[in-house]
Amino acid sequence: MTILVTGAAGFIGYHVAARLLARGDTVVGLDNLNTYYDVSLKEARLARLTMQPGFRFVKLDLADRAGMEALFATERPQRVVHLAAQAGVRYSLENPQAYVDSNLVGFTNVLEGCRHGGIEHLVYASSSSVYGGNLTLPFSEHDNIDHPVSLYAATKKANELMAHTYSHLFRLPTTGLRFFTVYGPWGRPDMALFLFTKAMLEGRPIEVFNHGKMVRDFTYIDDVVEGVVRVVDRSAEPNPDFDPEHPDPGTSNAPYRVFNIGNSRPTPLAEYIEALEEALGRRAERNLLPMQPGDVPATSANTSELDAWVGFKPDTPVREGVRWFVEWYRAFYKV
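For the sequence shown, the numbering used here gives the first residue as 38, with consecutive numbering after it.
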């Protein structure tokens, strides 16, 4: 089938597109190749995709309403995997408008394209950041998410609400995936593992926030891709047991679902750094800093709903995943 993957030059988008191509789907990859981080890395990912039969690249900004309308009319995809977004919690304090343009205006254009294009299933990236001020671990899809602590998180919650509206009004099946700290080869240069690896190889100290007292549910990219592809193949359905007098945030009487995709093994940041030290064969000098605005001290995913829906639970151990990232980093940057 033909599947539109937005953010195809991005970290998760690249891996998902490659997996769909490998199984024989036609993939239309959309990306605007913005300069939020190193464009040459995005171009390198894209070059690997364009070598494969069945891939077509469209350079387009999600906020371009006319361009998005033309894309859906021309390509006529059957399913959409929407992974393009303005990412990053800290950057949302510096440039909030970028999040409005991409994550709100852009997502509206995706929803409209799906609505008018008769799309079978829209799968879109949400984020573990939607849990915000919730301190009850592990996070569950049945939890209230009314207290985001960053604009990025607020836009991702808004995406879930917007998707639900389209599922309700137009019976468009939508599934939101709340990703938990995804890492691995071809990863994002603005994330901790990439920043730490670069600094350590250059002999610089690493910046460790909240004085290292952070816990994250680090999730390896291959596990995320497996979850995404399985969800793509099973459209959201109305929950026949949904009770509007006692509404469950995780389901609906519309064809709408949200799922956590996390490793369910919350790892202290210190242990993550130790795994990196082991993989690199050198010690890290730590520059301990206070908690950054918009951050949360800990994340942990309850993935029982994902497992029940598609029979899959991420399980790659952090030490293995970190080692595979380091092997890729050394090969790609020749260090």
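We put the beta carbon where it would ideally sit given N, CA and C, even for glycine.
Could you check which residue in the options has the C-alpha nearest to that of residue i?
{"i": "residue 316", "options": "349, 77, 357", "result": "357"}
{"i": "residue 49", "options": "221, 183, 306, 130", "result": "221"}
{"i": "residue 240", "options": "285, 324, 308, 205", "result": "324"}
{"i": "residue 192", "options": "125, 330, 262, 98", "result": "125"}
{"i": "residue 91", "options": "112, 328, 119, 362", "result": "112"}
{"i": "residue 227", "options": "128, 141, 161", "result": "128"}
{"i": "residue 366", "options": "103, 196, 224", "result": "224"}
{"i": "residue 275", "options": "154, 335, 209, 309", "result": "209"}
{"i": "residue 321", "options": "328, 350, 311", "result": "311"}
{"i": "residue 347", "options": "207, 72, 270", "result": "270"}
{"i": "residue 326", "options": "281, 249, 72", "result": "249"}
Is the separation between the beta-carbon of residue i and that of residue j shorter than 8 Å?
{"i": "residue 82", "j": "residue 46", "result": "yes"}
{"i": "residue 68", "j": "residue 121", "result": "yes"}
{"i": "residue 313", "j": "residue 230", "result": "yes"}
{"i": "residue 260", "j": "residue 145", "result": "no"}
{"i": "residue 99", "j": "residue 143", "result": "yes"}
{"i": "residue 213", "j": "residue 200", "result": "yes"}
{"i": "residue 295", "j": "residue 215", "result": "yes"}
{"i": "residue 70", "j": "residue 79", "result": "yes"}
{"i": "residue 234", "j": "residue 363", "result": "yes"}
{"i": "residue 135", "j": "residue 166", "result": "no"}
{"i": "residue 53", "j": "residue 42", "result": "yes"}
{"i": "residue 176", "j": "residue 336", "result": "yes"}
Considering only residues of the same chain and omitting the five flanking positions on each side of residue i, which have a CB-CB separation below 6 Å?
{"i": "residue 159", "result": "117, 151, 211"}
{"i": "residue 157", "result": "115, 116"}
{"i": "residue 15", "result": "The structure shown has nothing for residue 15, since the chain only spans 38 to 372."}
{"i": "residue 161", "result": "119, 213"}
Taking 7 Å as the limit between beta carbons, can you name the residues of its chain near residue i, skipping five residues before and five after?
{"i": "residue 89", "result": "58"}
{"i": "residue 319", "result": "237"}
{"i": "residue 23", "result": "Residue 23 lies beyond the residue range present for the chain, which begins at 38 and ends at 372; the question has no answer from this structure."}
{"i": "residue 56", "result": "262, 266"}
{"i": "residue 130", "result": "330, 331"}
{"i": "residue 51", "result": "45, 82, 86, 223"}
{"i": "residue 138", "result": "100"}
Please list, in chain order, all residues of the same chain as residue i whose beta carbon is under 8 Å from its beta carbon, the five residues on each side excluded.
{"i": "residue 171", "result": "180, 181, 182, 184"}
{"i": "residue 309", "result": "229, 230, 253, 255, 355, 359"}
{"i": "residue 140", "result": "122, 123, 189, 192, 193, 195, 196"}
Taking contact to mean at least 3 C-beta pairs separated by less than 8 Å, is the region 328 to 340 in contact with the region 287 to 300? yes
Taking 8 Å as the cut-off, does the region 252 to 261 touch the region 304 to 319 (at least 3 CB pairs, one atom from each stretch)? yes
Assess, as a yes-or-no matter, whether the region 265 to 276 is touched by the region 172 to 186 under the definition of 3 or more beta carbon pairs within less than 8 Å. no
Let me know the beta strand (DSSP E) ranges lying completely inside the region 253 to 306, each 3 residues or longer, listed in chain order. 293 to 298
For a minimum of 4 consecutive residues, which ranges assigned as the alpha helix (DSSP H) are wholly contained in the region 149 to 234? Counting whole runs of 4 or more residues, the region 149 to 234 contains the alpha helix (DSSP H) stretches 188 to 207.
Are the region 280 to 291 and the region 232 to 246 touching by the rule of at least three beta carbon pairs closer than 8 Å? no
At what residue ranges does the region 99 to 153 contain a whole run of the beta strand (DSSP E), taking only runs of 3 or more? 116 to 119
Could I get the ranges of all uninterrupted beta strand (DSSP E) runs contained in the region 318 to 356, with 3 residues as the minimum, in chain order? 323 to 325
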